[in-house]
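Since the structure comes first, as structure tokens, the remarks are kept for the end.
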Amino acid sequence: LAADGNWHEIMAEGVANGIPADGPQDNKAFTYGGNHNITADKVGRIITAINVAATNPGGLNITEDTSVGSIVTGGNLLPVTIIAGKNLTLTGTAAVVANHGFDAAADTYTGLGNITLKGANAGLIIQSATPAKITLTGNIDAGGIITVNT
Numbered sequence: 151l152a153a154d155g156n157w158h159e160i161m162a163e164g165v166a167n168g169i170p171a172d173g174p175q176d177n178k179a180f181t182y183g184g185n186h187n188i189t190a191d192k193v194g195r196i197i198t199a200i201n202v203a204a205t206n207p208g209g210l211n212i213t214e215d216t217s218v219g220s221i222v223t224g225g226n227l228l229p230v231t232i233i234a235g236k237n238l239t240l241t242g243t244a245a246v247v248a249n250h251g252f253d254a255a256a257d258t259y260t261g262l263g264n265i266t267l268k269g270a271n272a273g274l275i276i277q278s279a280t281p282a283k284i285t286l287t288g289n290i291d292a293g294g295i296i297t298v299n300t
């Protein structure tokens, strides 16, 4: 049984039950259930948190302005591509197992891999309530704008 705040369609449980994935859902967290490419294509989408788990995620494609809370992992990293003129905002929101199906501490991005900024004005915005709290471990490739607010 998935927690109410977990977008379970992308998890192995949802795939096994034939539930089609229709992009991340607002104010929900999700766990990768396999090698999936997910496209955040709704304006202003808010993803509470992402659990990469022990899968090999295909990637997260940002084609509309999107906010993501924490991104945690069981070992693998989530590559992210942001298209020109769109922003990914890392908000540092926490997830709680009772509400979202897994725990993710605030300002945690251990599951975030390489970030590709594809074109002019592709943006990565980092917001942290705790100064110097967020650590990114992947590479940031290509041209774009990086904004840090702590």
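Residue numbers (my numbering): 151 to 300. Every residue, glycine too, gets a C-beta built ideally from N, C-alpha and C.
Could you check how far apart the C-beta atoms of residue 243 and residue 263 are, in whole angstroms? I think they sit under 8 Å. To locate residue 243, count along the sequence shown from 1; it is residue 93. To locate residue 263, count along the sequence shown from 1; it is residue 113. So it is not a contact: roughly 19 Å between Cβ atoms.
Residue of 277, 253, 206 and 197 minimising C-alpha distance to residue 222: Indexing the sequence shown from 1 puts residue 222 at position 72. It is 253.
How would you call residue 194, buried or exposed, if buried means at least 16 neighbouring beta carbons within 10 angstroms? For the purposes of this step, residue 194 is taken as the residue at position 44 of the sequence shown. Exposed, because fewer than 16 other Cβ atoms sit within 10 Å of the Cβ of residue 194.
Which one or two residues does DSSP pair with residue 264 in a beta bridge? Here residue 264 refers to the residue found at position 114 of the sequence shown. BP columns for residue 264 are empty, so no partner.
Coarse secondary structure for residue 151, derived from DSSP in three states: If you number the sequence shown from 1, residue 151 lands on position 1. Residue placement at residue 151 cannot be trusted, given a pLDDT of 36 that sits under 50; what the coordinates show is reported in the next sentence. Coil.
Within the continuous beta strand (DSSP E) that includes residue 299, where are the two ends? For the purposes of this step, residue 299 is identified with residue 149 of the sequence shown, where counting begins at 1. Note, residue 299: beta strand (DSSP E), 295–299.
What does the Cβ neighbour count give for residue 232, buried or exposed, with the cut at 16 atoms within 10 Å? To locate residue 232, count along the sequence shown from 1; it is residue 82. Label assigned to residue 232: buried.
Would you call the CB atoms of residue 300 and residue 278 closer than 8 Å? Locating residue 300 in the sequence shown gives position 150, counting from the first residue. Locating residue 278 in the sequence shown gives position 128, counting from the first residue. One thing to note: residue 300 has its Cβ within 8 Å of the Cβ of residue 278.
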